[in-house]
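Trainee: Residue numbers (our numbering): 3 to 135. My structure is below; once you've seen it, I'll send some questions.
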């Protein structure tokens, strides 16, 4: 009978260890998933800012074509363009002057048992104007 009790206790200890490790690793796993989503958003937003800066440099101004190019690049990355604030400065540039495209988006990060907060991602790209207005 004491032999059965020892085996039962070892089984119980094993189960407790498995549950403890699972509860410790679950937030780590979910944190990795959240970080992956955040990196995906950052890379897509960086690509869209670069594409927008190129288009703004070619045209020398902020217009509907530049914003459409940014929206197209965001959609290609799986990002909703309506959730990204776009700023192009200056609105018009002369040949050789820098023109900056800045994109700002917010995302909520939630890691169970640890924390939940909003993160603001800001990306910017600079190009030189290629036309003279």
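Think of the CB as a built atom: it goes at the ideal place given N, C-alpha and C, for glycine as much as any other residue.
Count the CB pairs spanning the region 25-34 and the region 45-55 that are closer than 8 angstroms, and state whether there are at least three.
Mentor: no
Trainee: Per the contact definition of three or more C-beta pairs closer than 8 angstroms, is the region 64-80 in contact with the region 110-117?
Mentor: no
Trainee: Examine the Cβ distances between the region 84-96 and the region 9-20 and report whether three or more of them are shorter than 8 angstroms.
Mentor: no
Trainee: With distances taken from CA atoms, which of 107, 98, 134, 122 is nearest residue 128?
Mentor: Against the chain shown, residue 128 aligns to sequence position 126. Checking every option, the nearest Cα to that of residue 128 belongs to 98.
Trainee: Going along the chain, which unbroken runs of the alpha helix (DSSP H) with 4 or more residues stay wholly within the region 36-113?
Mentor: 66-78
Trainee: Are the region 66-76 and the region 48-55 touching by the rule of at least three beta carbon pairs closer than 8 angstroms?
Mentor: yes
Trainee: Could you tell me the boundaries of the beta strand (DSSP E) in which residue 123 lies?
Mentor: As a position in the chain shown, residue 123 is number 121, starting the count at 1. Residues 117-130.
Trainee: Assign residue 133 to one of three DSSP states: helix, strand, or coil.
Mentor: As a working note, residue 133 is residue 131 in the chain shown. Look at residue 133 here: in three-state DSSP terms it is coil, with no helix or strand label.
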